[in-house]
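If you read the sequence shown in my numbering, its first letter stands for residue 114, the second for the next number, and so on. Worksheet for the structure shown next.
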Amino acid sequence: MSLESKSIESTGSRPRQRRWLTWLLMLVMLASGMVIGAGGAAIFIRNRVISHIHEPERMPERATKVLTRRLDLSEEQAAEVERILAYRQQELLTVRRETLPRVHEQLDLLEQDIAAVLREEQQAKFESDFQRLRETWLPAAE
114 MSLESKSIES TGSRPRQRRW LTWLLMLVML ASGMVIGAGG AAIFIRNRVI SHIHEPERMP
174 ERATKVLTRR LDLSEEQAAE VERILAYRQQ ELLTVRRETL PRVHEQLDLL EQDIAAVLRE
234 EQQAKFESDF QRLRETWLPA AE
């Protein structure tokens, strides 16, 4: 055995280096899992919100299921709650239909005002981005 290998065995430096590497790899794996989990949760939540925006007619059924589970509603209570929610949903949709044109009008003016400040190549990108945001986060004008 050489003098160098004897000194490594006696000091134990190789196992210590491996422990450090093991902890580093575990930390990297933990951080990766957290990032992937957070990203997945963000995508899930975004898609749920968008689905609620673009499918308001499904709200009474969805809300009734949640309330039934949380409040342990009987079948009769659940039916009555869903009827109430459906009625109020229609009233809210009426309000939305009345106000949405004004919202779209203001957004049109906002888009025009900002576009007037931009250069031509900036305008094209801004208008594209703005349109995508409107389509994603606002219900269509009726």
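Glycine is no exception: its CB is placed at the ideal position from the N, C-alpha and C atoms. Since the structure is predicted, the reported quantities are computational estimates derived from the model, not experimental observations.
Taking 8 Å as the threshold (C-beta atoms), are His165 and Pro252 in contact? His165 is positioned such that its CB atom lies no closer than 8 Å to that of Pro252.
According to DSSP, is Ile252 helix, strand or coil? Reading off the sequence shown, one finds Pro at residue 252, where the question assumed Ile. Reduced to three states, the DSSP call for Pro252 is coil.
When you compare the CB positions of Thr177 and Leu198, do they come within less than 8 Å of one another, or not? Yes. Within cutoff.
Please go through the stretch 197–252 and give each complete alpha helix (DSSP H) segment of 4 or more residues, from N-terminal end onward. Taking 4 residues as the shortest admissible run, the stretch 197–252 contains the following complete alpha helix (DSSP H) segments, listed from N- to C-terminal end: 233–250.
Cutoff 6 Å; reference Glu224; Cβ partners in own chain excluding five residues on either side: Phe243
Would you kindly work out how many angstroms separate the C-alpha atoms of Arg247 and Leu143, rounded to a whole number? 37 Å
DSSP state of Ser187 mapped onto helix, strand, coil: coil
Burial state of Pro214 (16 or more Cβ within 10 Å): Exposed: under 16 other Cβ atoms inside 10 Å.
Three-way DSSP call (helix, strand, coil) for Glu168 in this model: Of the three classes helix, strand and coil, the one that applies to Glu168 here is coil, per DSSP.
Just how far apart, CA to CA, sit Val148 and Gln235? 32 Å
Rounded to whole angstroms, how far is the Cβ of Ala192 from the Cβ of Thr181, which I believe are closer than 8 Å? That belief does not hold up - the Cβ atoms of Ala192 and Thr181 are roughly 10 Å apart, past 8 Å.
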